[in-house]
Each structure stands twice: as C-alpha cells, then as structure tokens.
C-alpha cells in the first residue's frame, strides 16, 4: 500500500518535470499575442492603398468643405433625432452658443470681455444659409481662421450620428 502512495505522489511530479524538458510545447492560457502576424526585419514596405480608397475598418471619411457642401443628413428628421441632438447640444454646445443657439452662452461673456470673436448665432446668417453638410463639417472640424481656433473640432469627442443629430437640432432651432 505504501508503494502505491509513493507511486501516486511521484507521478504528478514526473508529469510536471517532463514539461520542463527542451522542445516541449508551452501551455498557453492567454495566447492572444503569442502567435501573430508581424513585420520582420528588412521586410520590404507594404503597398500603399490607392488614393481615395476607403478603409475596410469603416473609419469615417474625411471630407473637404467643398465635398461636404453636397452631403445630406442621413438621419431622418424626426422627434427622436431632434431629441438626441438636443441632448448632445445641451452637453457640448450650450456653454458657448446658449440654450437657444443665439451665441449668448455663459462663456460668450468672457469672449466679449477679451474682445475676441464670440460664438456664432446658429439661428441667423451666415449659419442659416449653410447646407446640412457644411454644418456637419464645421461641427466635425471646428472653426479656424488665420491659425486661430474659434471652435474646437468635435470629430473625436462626438460620434458621427450624434453630429448629424446636432445638425437636425440646429435646423429645428432655426424653425426649419
């Protein structure tokens, strides 16, 4: 009986010791990064994508202002879209543009005191005559003139759909 116990206690030790032999495969529990495609030293560069190609990752297309003029809002202009736009506007835009989009937010007083450009009145010209695509472009890329940024770019902070919802909400403020 004693030999059986010795044999049973040595058997797991033998199995563990055999795992330490050279050439044995490692036990990978979290193997996400162990076996991957990678670049090798002295490997030639990969081919660049053709100009104007859209990435398969679904990344947002970076339009110029000229291209954006022809864009139309892909979201339906319904109460749900406008309500979402109002939520985003309240969180991100009210401080500068005010709750009615008149450019009279809390921060605009500081702009006037500093004698710098105040936030735009979203219910008056020239904003009224801009297309939906132009509004989307300005929200996405911000407003910059002569190297001075007057409005931040919201591309990385607000999702594409929420920026389009903002456009719908701005149109509702304009009575359109």
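Residue numbers (my numbering): 936 to 1111. Just so it is clear, CB atoms sit at the ideal spot from N, CA and C, and this is done for glycine as well.
In its chain, beyond the 5 residues on either side, 1088, 1089, 1090 and 1098 have a beta carbon closer than 7 Å to the beta carbon of residue 1075. For residue 1051, there is no enclosing alpha helix (DSSP H), as DSSP marks it with neither H nor E.
In the DSSP assignment, residue 1058 forms no beta bridge with any residue. Between residue 1107 and residue 977, the alpha-carbon positions lie close to 58 Å from each other. Contact annotation, residue 1026 with residue 1103: C-beta distance approximately 16 Å; criterion of less than 8 Å not satisfied. When the Cα atoms are used, residue 1038 and residue 999 turn out to be separated by approximately 26 Å. Scanning 1092, 1063 and 1021 for the CA closest to the CA of residue 1077 turns up 1092.
Note on geometry: alpha-carbon atoms of residue 1054 and residue 980 lie some 47 Å from one another. Here the alpha carbons of residue 1036 and residue 1101 stand approximately 11 Å from one another. The three-state reading of DSSP puts residue 1041 in coil, since its state is none of H, G, I, E or B.
Check the Cα spacing between residue 1005 and each of 1022, 1070, 1095 and 1111: the tightest is with 1070. Rounded to whole angstroms, residue 1001 and residue 1020 show a C-alpha spacing of 24 Å. Taking the CA atoms as reference points, residue 938 sits about 18 Å from residue 950.
Here residue 1105 has 1036, 1057 and 1070 as same chain residues with Cβ atoms under 7 Å from its own Cβ, once five neighbours each way along the sequence are excluded. In the DSSP assignment, residue 936 forms no beta bridge with any residue. DSSP, reduced to helix, strand and coil, places residue 978 outside both helices and strands of the structure shown, so it counts as coil.
With fewer than 16 other beta carbons inside 10 angstroms of its own, residue 997 counts as exposed.
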